[in-house]
Structure formats: C-alpha cells, structure tokens
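Numbering (the numbering used here), first residue to last: 6 to 187. Even glycine gets a Cβ: it sits at the ideal position worked out from N, Cα and C. Computed from a predicted model, the values in this text were never measured in an experiment. Take a look at the structure set out below.
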C-alpha cells in the first residue's frame, strides 16, 4: 500500500545566499512542492510513497521526475498535460540577509495542475492507498483542483485510506473566508 500525496510540483529558482533577485544573474533550480516535500520525508523514513500531480510533457518535467525518483518517491501517478499551453509552476526565492527577510515570487497561475481531474486516473488508484495526504495549498490553487481534491478525498476514504490534511494557508492564493468555507 502507498502513502499517496496530491499537490503541485514546481520548480524553484533561487539566488545564492544574501543575493537579491533584482541584481543576481545566476539562479539555481530544484524541484519543490509542499506535498512532494512530505512524500520525500516519508520515503526517507521507509514508507512507500507516491505523488499525484499533473505536469507538462517536456524536459523540465523530466528533470523534476528524476529528482522525485532520487528521493525514492514513486512518480507513476503523475499525468501529463500535452496541451499547447501546458506549463509547470515556478517560483523565485531570495534568501534573507538580516534584517531583510527572505522573499518568494510565484508564477503558478494556469499551471498544468489546474487541469487535473479524477478522470485522469484509473479507479484502481484508490484501493492501493493506506493514507492520502494533501494540503490547503492544493485546495487553494483553483476551483478545478479543489473539486478534484475533494472528490479524491471521498474516494480514498471510501476505500479505507487514512486522510491526512495539512491546513497550510497561503493568503496569496485565496482569502481566509474562502478557505474557511472550503
């Protein structure tokens, strides 16, 4: 049985420490995502984990999948967006240097995760789970992702999976009132 995690997989571009985005020419990039980080941590503890997501079918996705596999996380439940406007969410991270705090600039609007649907997956997915995890970040991405996530929660729960939820709230994705209603 798997510990399944649903969430957006993104690329993070970051400066060297103490450098500002507005002045820095060399950025380092890596694969990130709240749920992906949880999957990698659980895999490091010996759990059989798998990430559920939707990504464009391109070289950046190949890079991301290689990094996911390196963390012993199963990537077979990543589905591909082969539409012309397929894209991976990214964010730019600037390390802080006292007294300046770190900063993040997100570019994730209309990324491929926003097209994810329960129809992208075979129903056998739900019987393979011991636990299903997602977060408030995922719910906040778009109405389509929210609908898919809630339906997946119902389906995993109906098959006996434990449901794990990180209430992580991001004010830049939705309002407190929207989050409370959801």
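By the 16-neighbour rule on beta-carbons within 10 angstroms, residue 94 is buried. Looking only at 155, 174, 26, the smallest Cα-Cα distance to residue 168 is reached by 155.
Distances from the alpha-carbon of residue 58 to those of 49, 110, 37 put 37 closest. Under the three-pair Cβ rule at 8 Å, the region 46-62 does not count as touching the region 15-25. Cβ contact annotation for residue 166 (same chain, cutoff 7 Å, sequence separation greater than five): 134, 135, 136, 137, in chain order.
With a threshold of 16 other beta carbon atoms within 10 Å, residue 43 meets it and is buried. Taking 8 Å as the upper bound for CB-CB distance, residue 16 and residue 34 are in contact here, some 5 Å apart.
A check of alpha carbon separations from residue 77 across 96, 8, 88 identifies 8 as the nearest.
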